[in-house]
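Note that the numbering used here numbers the sequence shown so that position 139 is 176, with each residue one more than the last. For every residue, glycine included, the Cβ atom is placed at its ideal position computed from N, Cα and C.
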Amino acid sequence: MTITPFELLFYAGGLFVLFMTPGPVWVALLARAMSGGFNAAWPLALGVVVGDVVWPLIAILGVTWIVDQAAWFMDILKWVAVAMFAVMGILLIKNAEKQLSENSRLTRPGMWAGFIAGLVVIMANPKAVLFYMGMLPGFFDLTRVTAWDIAAICALSFAVPLIGNLILAASVDRVRGILKSPNALKRMNITAGILLLAVALVIAVG
């Protein structure tokens, strides 16, 4: 492997910050958890992690090919990563009071329906691959990655969101109370926004 344990730890931290940022996956997971509890939510979490592995794999292979053609592209992608984290942080802080809403189309009963819902939520979002293409070069030098490096990156991309989503699903009653409290939701969004800005700063100076 060419990537270091510290780089993997930093990447895992970035994934955790992203998990803590409310978005489409949160809406889908909460919709199912609120309607059917943990048993309705965990299949959706499994569907989501399929995309959490596929998108970074596509991004790594795509970026590596592009870099083979133009080495300067890595420097551009580093600043794309900085910009994406910074913009996400600013928008999250700016819209800190915005409430999450439920989507009844995601609450159909059944394990298979839950899995498909999770797969659709993550795969039907074309900006996911663009996000990973902008993010991964900020954490790793993709010109030197080996098969083991790629496996480690995909494993973290799989494990961190899955563990977070399962914990969120299991804690749905408590989360439901948080979501009903505008002040608590605002504080959570502001904290996540600040963390995203911090990640952008670390990548910029790294």
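On the criterion of 16 or more Cβ atoms from any shown chain inside 10 Å, does residue i qualify as buried, or is it exposed?
| i | result |
| --- | --- |
| residue 129 | buried |
| residue 138 | With a pLDDT of 48 at residue 138, under the threshold of 50, the predicted position of this residue should be treated as unreliable, and no value is reported. |
| residue 42 | exposed |
| residue 79 | buried |
| residue 231 | exposed |
| residue 65 | buried |
| residue 54 | buried |
| residue 192 | exposed |
Figure out for me which residue from the options has the closest Cα to the Cα of residue i.
| i | options | result |
| --- | --- | --- |
| residue 94 | 126, 134, 73 and 194 | 194 |
| residue 207 | 74, 57 and 173 | 74 |
| residue 227 | 123, 150, 149 and 179 | 123 |
| residue 45 | 202, 201, 203 and 189 | 189 |
| residue 51 | 220, 99, 197 and 205 | 197 |
Looking at the unbroken alpha helix (DSSP H) that takes in residue i, where does it start and where does it end?
| i | result |
| --- | --- |
| residue 186 | 184 to 207 |
| residue 154 | 148 to 160 |
Practice item. Let me know the alpha helix (DSSP H) ranges lying completely inside the stretch 49 to 86, each 4 residues or longer, listed in chain order. Key: 61 to 73
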